[in-house]
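Trainee:
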Amino acid sequence: MNCGICARSRRRKAEKPKRWFPNIRVTLKEKVLLVKKTNVKNLLLAVLACILLASLCAVPGLAAAEETLIVGVPVDRCPVFYTDADTKEVVGIGADLMRAAAENAGFTVSFRATEETTLKEALDNPAYDLVMPFGSAVSSDAGQASIVSDNLMQTPFTIVTEGNRVLPELNHLRVGMLSSLGGGAETVRQLYPGIEISMYATMDECVKALRSDKVDALLHNSYVWSYVLQKPAYSDLTVQPSAMFSMDFRVGTLDTAGGSAVIERLNEGIAGVSDARRQAIILDYTSRQLYRYDFADFLRTYGLFLLMAVLLVAAIIVIVVQKYRAMRRRQEETLRRVLDQDELTGALSMNGFRKRVEALLRAHPDLPYLISYNNIRNLKFINESLGWAAGDELLRFWANTAGKTLTDEEAMCRVSGDRMAFLRVIADEEKIKRDEAEVYEPLRNYFVDRGYETRVQISAGVYILTPEDYQNINVDRILDHARMTEKRVRETHKEGYEIYNPDQWERGKRVADVVGHLPLALRGGELQVWYQPQVDYETGEIIGAEALCRWNHAKLGWLRPSEFIATLEEAGLIYDLDAYVWEQVCRDLQRWNRQGKRLTVSVNMSRCDLWDGRNIPGQFLDLIQRYGLSTDQLRIEITESAYVEDPELLIRATSKLREFGFQVEMDDFGSGYSSLHMLKEVPVDRIKLDLHFLSSTGDPERGRIIVSHVIQMVRALGINLIAEGVENAAQASFLRSRGCTEMQGFFLYEPLSVKEFEATANISEKQGS
Amino acid sequence: MFAKDLYTLDVYQVLTGLIARYGVPAERLRVEITETALLEDPANSNAVISRLRQRGFLVEIDDFGKGFSSLSTLKDIHADVLKIDMSLLNEIETRQRSRTILASIINMARSLGMGVVTEGIETKSQLQSLAAMGCEIFQGYYFSRPITVEEFELRYLRPEPQKES
Chain A
600 MNCGICARSR RRKAEKPKRW FPNIRVTLKE KVLLVKKTNV KNLLLAVLAC
650 ILLASLCAVP GLAAAEETLI VGVPVDRCPV FYTDADTKEV VGIGADLMRA
700 AAENAGFTVS FRATEETTLK EALDNPAYDL VMPFGSAVSS DAGQASIVSD
750 NLMQTPFTIV TEGNRVLPEL NHLRVGMLSS LGGGAETVRQ LYPGIEISMY
800 ATMDECVKAL RSDKVDALLH NSYVWSYVLQ KPAYSDLTVQ PSAMFSMDFR
850 VGTLDTAGGS AVIERLNEGI AGVSDARRQA IILDYTSRQL YRYDFADFLR
900 TYGLFLLMAV LLVAAIIVIV VQKYRAMRRR QEETLRRVLD QDELTGALSM
950 NGFRKRVEAL LRAHPDLPYL ISYNNIRNLK FINESLGWAA GDELLRFWAN
1000 TAGKTLTDEE AMCRVSGDRM AFLRVIADEE KIKRDEAEVY EPLRNYFVDR
1050 GYETRVQISA GVYILTPEDY QNINVDRILD HARMTEKRVR ETHKEGYEIY
1100 NPDQWERGKR VADVVGHLPL ALRGGELQVW YQPQVDYETG EIIGAEALCR
1150 WNHAKLGWLR PSEFIATLEE AGLIYDLDAY VWEQVCRDLQ RWNRQGKRLT
1200 VSVNMSRCDL WDGRNIPGQF LDLIQRYGLS TDQLRIEITE SAYVEDPELL
1250 IRATSKLREF GFQVEMDDFG SGYSSLHMLK EVPVDRIKLD LHFLSSTGDP
1300 ERGRIIVSHV IQMVRALGIN LIAEGVENAA QASFLRSRGC TEMQGFFLYE
1350 PLSVKEFEAT ANISEKQGS
Chain B
10 MFAKDLYTLD VYQVLTGLIA RYGVPAERLR VEITETALLE DPANSNAVIS
60 RLRQRGFLVE IDDFGKGFSS LSTLKDIHAD VLKIDMSLLN EIETRQRSRT
110 ILASIINMAR SLGMGVVTEG IETKSQLQSL AAMGCEIFQG YYFSRPITVE
160 EFELRYLRPE PQKES
């Protein structure tokens, strides 16, 4: 019943305490209600009295009336007042002390967090029976007088400032305080009238004001500081122990009759709180780590650690992902190897071989290749007489031995069973002999060397790749040729090998001999520049010469240009040869100049020389300057077919050469296909009419007619003319009769070595001196 | 007649068969062989041409100067007429060089005993300069575009019966 009354009384707000029965606070807002209530009250009183009596007899400890007081407190000041995170109840030093005092006085207290900005405002709120804490009695916000209880405890107040800031005297201090400490602020003003107090809603704002020097220090309850300064962000704030004073900690309410009665009774309870009890409560709260880190605090404290942890995790993830990918790659590679590689021998599988050969042919269209298809004829016999393991061992030995002789541009494959195929670069005889000694002999004698009588019989078919095979790559077709040849060898009960296309083999070998030996030939003087004199048939005078080259090949003997020029062009090496000849010619011309004989020499230029962005006209100019020659001493011969095949590039180079002062000749005119269109476009100085077409079959008279008209035409075009390939007196006199007197040919002079040429052209040391 | 005709058909058989069937004398049919065809296989071409000429056909080298030419082909092929391609003419008025070359070719052909037809005549000045070089037979849009049989008959064959009537 009693509780029921209290509950109701709590629900009813703004009720004046009753003088006649001050122990019971019944709140009632309207006077009207009060009248009604009086009757009820009388009834209640009677009931209460009965209960009171009964309880007095039953439980002496509860003899005192148990009224509940609603106490409004600010909860922004842990550990004095704060809301427990778990129970949501208001607790703290102040709360415990108040509870102890109220208990002594026979009250029950219920704390409520004040919502008002200041305690002064809270005083005016009738929802609270009491408000605390106050240092002294202050008037309420509405201007009503208040009364306060006796001191519950002496609260130490401490000044906190930033770092080692030097503070002015207390009386001239600018101090920041929490708005909720309004009562305290008033007390401070009373104590230190000179102090300038600024109020801030939160501790954060207080600290901000301190940091921006709006205030010199912050003032608060020491117990609160002990809590607040646990915040990592405030670690730079320091307590000023010297500037400390204490304030009372009292309970207040409006100065009414009811209020006075409660305070009076409460004072008795306060007096009953022992110092020991007080100290115990204070110690209980101040010794606890009450501050709870929020996320910002956490970041501040553990930020670096956290960052490192994040980085570590990220690094681990990256490593794991990479490892996983590497593993995947390895797996894929293993799979590819399984598909592309033969398990027994480690050679390529047919599948892998096909791919590898295609890639090699595509990458090296200029390398002469052969493909060989090999078969161990008596493997069946070996397997039966020596066991399967012996056969496998033999195949492994073969692949291993042959593998060592392969270059990166070659490939090996186990086609099936006892068949192996090889893609090899065609080289000289040496390589074949080496293979024979290093691979095939040990293979044949594999078992003999190990004490058995069985000789391994090998049959092989070889196919030499043709230019068409490079353009239209078909590995199976290529291999089929070799396979067919091998079959032929095997069926004639022969060992050894046969070549499918021996002509191609000879050509391939020749290419290898020519291309492979060029660098050595250039260095070792195998290549010589010879000169074929050019003559004015009218006077018999030598008017110049064409530089030709002769190759005294170490293995093939003397080679004529027609035997190696085309090969070098195909292999992309003609420039090396041409540049070598140009240099030699310039060196000879310089020597002859010094000996007093200024000659003009024609040198050949291939259209391939202009490829790869080479500035050939510039190179000629450089040569001339380096050897102290004049530009009219060099004639650059470019074949008619070059002009036909790549007119734009050649005409550009021709114009440039002529611009520099060189004479340009169209070589081999009439020997191949001509383009009449081109003849009118090309700006050459001289045309070299090739007479070779005259000597072929057919009507010589018609040839002569054509030659006379060509001579006429060339002269009419204003181009000089020289006839080359003049082979007999009849041709020479015919040409002279048609007005062409400049000639070159066997009839006049064969190509001569430098020595012979110098003798013929009357160049000698004597003339020079 | 193109290159492939020379090799895949027995040209001689076909042509003699045709003149026999329609009772046309061989000399009324001129056989044009492109220069390209001749270059591909001069020996075989020459054999075919000799037989056709012995039988009485007139053989013309077509498209001369259009692509590549070979002096040795010109020497070895015995044709009756050299048809010089019009593309050589294109610059004839502006370029002295073209003129020179063309004149030489015409002279050369005549010296080799061949008649010369220039095809592709488009303007009067082309006609005049070519005539000055000694060319006598012409063909081209300047005279007429290729026309249908009916049109051809109407334009070139009708007047004769009119005269007779």
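So the sequence lines, in the order shown, correspond to chains A and B. The letter at position 698 of the first sequence is residue 1297 when you use the working numbering, and the numbering goes up by one with no holes. The letter at position 70 of the second sequence is residue 79 when you use the working numbering, and the numbering goes up by one with no holes. Where is the CB? At the ideal position from N, CA and C, for every residue including glycine.
Would you please verify whether the beta carbon of G129 (chain B) is less than 8 angstroms from any beta carbon of chain A?
Mentor: Translated into the one-based positions of the second sequence, residue 129 (chain B) becomes position 120. Judged by the 8 angstroms Cβ criterion, G129 (chain B) is not in contact with chain A.
Trainee: Would the stretch 973–982 of chain A and the stretch 1008–1017 of chain A be scored as touching if the rule is three or more Cβ pairs under 8 angstroms?
Mentor: The answer is yes - the stretch 1008–1017 of chain A touches the stretch 973–982 of chain A, with three or more Cβ pairs under 8 angstroms.
Trainee: State the DSSP-derived secondary structure class of F1346 (chain A), mapped to helix, strand or coil.
Mentor: Looking up residue 1346 (chain A) in the first sequence gives position 747. Residue state, collapsed to three classes: coil.
Trainee: By Cβ distance, which residues of its chain are closer than 6 angstroms to Y1096 (chain A), with the 5 residues on each side in sequence left out?
Mentor: Taking the first residue of the first sequence as position 1, residue 1096 (chain A) is located at position 497. Counting only Cβ-Cβ distances below 6 angstroms, and skipping sequence neighbours, we find A1059, V1061.
Trainee: Output, in chain order, the set of chain B residues within a Cβ distance shorter than 9 angstroms of D1298 (chain A).
Mentor: One-based indexing of the first sequence puts residue 1298 (chain A) at position 699. Residues of chain B passing the Cβ test: K84, D85, H87.
Trainee: Just the Cα atoms here: how many angstroms apart are T1359 (chain A) and P1350 (chain A)?
Mentor: Locating residue 1359 (chain A) in the first sequence gives position 760, where the first residue counts as 1. Locating residue 1350 (chain A) in the first sequence gives position 751, where the first residue counts as 1. Taking the straight line joining both Cα atoms gives about 11 angstroms.
Trainee: Tell me whether the beta-carbon of V679 (chain A) lies closer than 8 angstroms to the beta-carbon of Y822 (chain A).
Mentor: By 1-based counting over the first sequence, the position of residue 679 (chain A) is 80. By 1-based counting over the first sequence, the position of residue 822 (chain A) is 223. Yes.
Trainee: Taking the beta carbon of C649 (chain A) as the centre, do at least 16 other beta carbons fall within 10 Å, making it buried, or is it exposed?
Mentor: Taking the first residue of the first sequence as position 1, residue 649 (chain A) is located at position 50. Caution is warranted here: a pLDDT of 49 is assigned to C649 (chain A), below 50, making its placement in the model unreliable, and the coordinate value is therefore given only provisionally. C649 (chain A) comes out exposed.
Trainee: In angstroms with no decimal places, state the Cα-to-Cα distance between E1145 (chain A) and Q1183 (chain A).
Mentor: Against the first sequence, residue 1145 (chain A) aligns to sequence position 546. Against the first sequence, residue 1183 (chain A) aligns to sequence position 584. Their Cα atoms are separated by approximately 13 angstroms.
Trainee: What residue range does the alpha helix (DSSP H) around R764 (chain A) cover?
Mentor: Here the question's residue 764 (chain A) lines up with position 165 in the first sequence. Careful: R764 (chain A) lies outside any alpha helix (DSSP H) and carries neither H nor E.
Trainee: Hey, quick one: how far does the beta strand (DSSP E) through Q1133 (chain A) stretch, first residue to last?
Mentor: As a first step, residue 1133 (chain A) must be located in the first sequence, where it is residue number 534. Note, Q1133 (chain A): beta strand (DSSP E), 1126–1135.
Trainee: Between Q171 (chain B) and chain A, is there a C-beta pair that is closer than 8 angstroms?
Mentor: Taking the second sequence and counting its residues from 1, the one referred to as residue 171 (chain B) is at position 162. Here the model assigns Q171 (chain B) a pLDDT of 47, short of 50, so the residue's position is not dependable, and the following value carries that caveat. Chain A, which has no Cβ nearer than 8 angstroms to the Cβ of Q171 (chain B), makes this no.
Trainee: Can you give me the Cβ contacts of E1357 (chain A) inside the same chain, cut-off strictly under 6 angstroms, excluding the 5 residues immediately before and after it?
Mentor: Reading the first sequence from its first residue, position 758 is the one you call residue 1357 (chain A). Once the five neighbours on either side are set aside, E1357 (chain A) has no close Cβ partner at all.
Trainee: Quick one: give me the first and last residue of the beta strand (DSSP E) that S1336 (chain A) is part of.
Mentor: Along the first sequence, one-based indexing puts residue 1336 (chain A) at 737. Unbroken run through S1336 (chain A) is the alpha helix (DSSP H), 1328–1336; no beta strand (DSSP E).
Trainee: Exposed or buried, which one is W1191 (chain A) when buried takes at least 16 other CB atoms within 10 Å?
Mentor: Indexing the first sequence from 1 puts residue 1191 (chain A) at position 592. The residue is buried, with at least 16 neighbouring Cβ atoms inside 10 Å.
Trainee: Determine whether the Cβ of L1320 (chain A) lies closer than 8 angstroms to any Cβ atom of chain B.
Mentor: Along the first sequence, one-based indexing puts residue 1320 (chain A) at 721. By this cut-off, L1320 (chain A) is not an interface position.
Trainee: Note down the Cα distance separating M752 (chain A) from G857 (chain A), rounded to an integer number of angstroms.
Mentor: In the first sequence, the residue the question calls residue 752 (chain A) occupies position 153. In the first sequence, the residue the question calls residue 857 (chain A) occupies position 258. Answer to the nearest angstrom: the Cα atoms are 24 angstroms apart.
Trainee: Going by DSSP, what residue range makes up the alpha helix (DSSP H) through L1248 (chain A)?
Mentor: Counting from 1 along the first sequence, the entry for residue 1248 (chain A) is found at position 649. Taken as a continuous stretch (DSSP letters only), the alpha helix (DSSP H) holding L1248 (chain A) covers 1246–1259.
Trainee: Where does L38 (chain B) fall in DSSP's three states?
Mentor: One-based indexing of the second sequence puts residue 38 (chain B) at position 29. Correct three-state label for L38 (chain B): coil.
Trainee: Less than 8 angstroms between CB atoms is the rule here; does I1025 (chain A) satisfy it with respect to chain B?
Mentor: Stepping through the first sequence from its first residue, residue 1025 (chain A) is reached at position 426. No - not a single Cβ of chain B is within 8 angstroms of the one on I1025 (chain A).
Trainee: Going straight from the alpha carbon of C1207 (chain A) to that of T1053 (chain A), what length do you get?
Mentor: As a first step, residue 1207 (chain A) must be located in the first sequence, where it is residue number 608. As a first step, residue 1053 (chain A) must be located in the first sequence, where it is residue number 454. If I take the Cα positions, the gap works out to 56 angstroms.
Trainee: Using a Cβ cut-off of 8 angstroms, pull out every chain B residue sitting near K1287 (chain A), in sequence order please.
Mentor: For the purposes of this step, residue 1287 (chain A) is taken as residue 688 along the first sequence, with counting starting at 1. Going along chain B, no residue has its Cβ under 8 angstroms from K1287 (chain A), so there is no contact; the nearest lies around 14 angstroms.
Trainee: Give the straight-line distance between the Cα atoms of R936 (chain A) and Y972 (chain A), rounded to the nearest whole angstrom.
Mentor: For the purposes of this step, residue 936 (chain A) is taken as residue 337 along the first sequence, with counting starting at 1. For the purposes of this step, residue 972 (chain A) is taken as residue 373 along the first sequence, with counting starting at 1. Distance between the alpha carbons of R936 (chain A) and Y972 (chain A) is about 22 angstroms.
Trainee: Given this structure, state the Cα-to-Cα distance separating A663 (chain A) from T786 (chain A), to the nearest angstrom.
Mentor: Working through the first sequence from its first residue, we reach residue 663 (chain A) at position 64. Working through the first sequence from its first residue, we reach residue 786 (chain A) at position 187. Since pLDDT at A663 (chain A) reaches only 44, below the 50 mark, its modelled position is unreliable, and no value is offered.
Trainee: Rounded to whole angstroms, what's the CA-CA distance from I58 (chain B) to L1222 (chain A)? Just pull it up for me.
Mentor: Translated into positions along the second sequence, residue 58 (chain B) becomes position 49. Translated into positions along the first sequence, residue 1222 (chain A) becomes position 623. Whole-angstrom Cα-Cα distance: 53 angstroms.
Trainee: For I110 (chain B), return the contacting residues in chain A, with the cut-off set at a CB-CB distance below 8 angstroms.
Mentor: By one-based count along the second sequence, residue 110 (chain B) stands at place 101. Neighbours of I110 (chain B) on chain A, chain order: L1275, L1278, K1279, M1312, L1316.
Trainee: Applying a beta-carbon distance threshold of less than 9 angstroms, which residues of chain B neighbour V1243 (chain A)?
Mentor: In the first sequence, residue 1243 (chain A) corresponds to position 644, counting from 1. Correct list: F77.
Trainee: N116 (chain B) CB to nearest chain A CB: under 8 angstroms?
Mentor: Mapped onto the second sequence, residue 116 (chain B) falls at position 107. Output row for N116 (chain B): interface = yes.
Trainee: For chain A, is any of its Cβ atoms less than 8 angstroms away from the one on R106 (chain B)?
Mentor: The residue labelled residue 106 (chain B) in the question sits at position 97 within the second sequence. Yes, R106 (chain B) lies at the interface with chain A (some Cβ there is under 8 angstroms from its Cβ).
Trainee: Just the Cα atoms here: how many angstroms apart are E44 (chain B) and D71 (chain B)?
Mentor: Residue numbering aside, residue 44 (chain B) sits at position 35 when the second sequence is read from its first letter. Residue numbering aside, residue 71 (chain B) sits at position 62 when the second sequence is read from its first letter. Using only the alpha carbons, I get a separation of about 6 angstroms.
Trainee: Could you give the C-beta distance for K1287 (chain A) and M1312 (chain A), rounded to a whole number, given that I count them as a contact under 8 angstroms?
Mentor: Locating residue 1287 (chain A) in the first sequence gives position 688, counting from the first residue. Locating residue 1312 (chain A) in the first sequence gives position 713, counting from the first residue. With a Cβ gap of about 15 angstroms, K1287 (chain A) and M1312 (chain A) do not count as contacting.
Trainee: Within the stretch 797–850 of chain A, note down every full beta strand (DSSP E) run reaching 3 residues or more, in order along the chain.
Mentor: 816–820
Trainee: Are the stretch 1173–1183 of chain A and the stretch 1193–1211 of chain A in contact at 8 angstroms, needing three or more beta carbon pairs?
Mentor: yes
Trainee: Taking DSSP as the reference, what is the three-state secondary structure of D749 (chain A)?
Mentor: The sequence position of residue 749 (chain A) within the first sequence is 150, counting from 1. DSSP places D749 (chain A) in coil when its eight states are reduced to three.
Trainee: Going along the chain, which residues of its own chain have a beta-carbon closer than 6 angstroms to the beta-carbon of A118 (chain B), five neighbours each way excluded?
Mentor: For the purposes of this step, residue 118 (chain B) is taken as the residue at position 109 of the second sequence. Around A118 (chain B): L91, V125.
Trainee: Alpha carbons only, please: which of A:R995, A:A914, A:H1308, A:A744 is nearest the one belonging to P1041 (chain A)?
Mentor: Numbered from 1 along the first sequence, position 442 holds the residue referred to as residue 1041 (chain A). Here the closest residue by C-alpha is A:R995.
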